[in-house]
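In terms of our numbering, the sequence shown opens at residue 149 and continues consecutively. In what follows, a structure is listed as structure tokens, so that the remarks can point back to it.
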Amino acid sequence: MSKPGPRKVIITCAVTGAIHTPSMSPYLPITPQQIIDDALGAAEAGAAILHLHARNPETGKPDQTVEGFMRFLPQIKQATNAALNLTSGGSPYMRVEERVLPAQMLKPEVASLNMGSINFGLFHLLDKYKEFKFDWEREHLEATRDLVFRNSFKDIEFILRTCYENNTRFEFECYDIAHLYNLAHFAERGLVKPPFFVQSVFGILGGIGTHPEDVQHMKRTADRLFGDAYRWSVLGAGASQLRIAAQAAALGGNVRVGLEDSLWAGRGKLATSSADQVRLVRQMIEGLGLEIATPDEARQILELKGPGAVNF
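Right, dumping it as structure tokens:
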């Protein structure tokens, strides 16, 4: 009897996000062309899923309009087979109706969904960055001293029902243990269907920490709640990115990297692109004797609908 092949690990890459501001790194993609180039570089390096946000090309502010996404989505789809994942998180300052609109209208294969409300602190970054290109950056960070990133049960249900007919799968972003229980609640109500793509988020101030025990606790709880009905992935914010990815891959999980989650490619070294981080995590995965999933293998693992069923 032949032995089964190595387990396939899905690499998701989040190329810009809404946390980091333009002054923090000259390599953070802001314009549509920069987002296209960063996304395609990440896919070429081995990312099977590209998690995408839009930004105002003049100021770098988060932009959750359909028009903002359409400045780069068709070009990325045409140039790569990677599955495209649109944020429904947008920015903590946006209403839920605004945040879900791109996923609602464009019907992607995957959309992200934060599974609960949390304090979302970025103000500590003010200690690291003293000068900013745009006035909004300092105000954006300072305001998070009194910011709750809202995703109430009503908000989550609204997003699920809005996208239900699109056959869009969700990347369920879980920033704390309670978010796993929230997902279990919606599963019991039949509003989400397995396999659940659970993205555990470590290291955001206001969410769970980055200790190895935190990672283990997330995994144990998800195992108990969902058994074999979920596919686990992790992202570590900032300096914890690769360490947490290594632990999760060894535990049977998938990984997410990208400039949304960390600006670094090693201690004190700015990543020049998201592809830098994809290459690092790929090397680590393959060093564990595992293989990365192709986009089509990721589609099979997560039961995605395929690129022909999106609206862009």
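Glycine included, every Cβ here is placed at the ideal spot set by N, Cα and C.
Remark: C-beta atoms of Leu289 and Leu273 approach each other more closely than 7 Å. As computed with DSSP, Tyr378 is found in a beta bridge with Phe344. In this structure, the CA atom of Ala394 is about 11 Å from the CA atom of Val363. Under the three-state reduction of DSSP, Thr442 is assigned to coil, being neither helix nor strand.
Counting of Cβ neighbours within 10 angstroms places Gln448 among the exposed residues, the total staying below 16. In this structure Val163 is buried. Its beta-carbon is surrounded by 16 or more other beta-carbon atoms within 10 angstroms. Per DSSP, reduced to three states, the secondary structure at His199 is strand. A direct Cα-to-Cα measurement between Pro205 and Ile178 gives close to 6 Å.
Counting only the Cα atoms, Gly416 lies some 43 Å from Thr310. In terms of CA proximity to Arg243, Lys302 leads the group Lys302, Ile392, Ser422, Gly357. Note that the C-beta distance between Arg247 and Ser265 is not below 7 Å.
When DSSP reads this structure, Ile266 sits in a beta bridge with Phe297.
Excluding the 5 residues flanking it on each side, Thr369 has same chain C-beta neighbours closer than 6 Å at Ile325, Leu328, in chain order. With three or more CB-CB distances shorter than 8 Å, the region 176–193 counts as touching the region 400–419. DSSP links Lys156 through a beta bridge to Glu439. Assignment of beta-bridge partners to Asn402 by DSSP yields Ser381.
Contact annotation: Ile440 and Val157 have beta-carbon atoms nearer than 7 Å.
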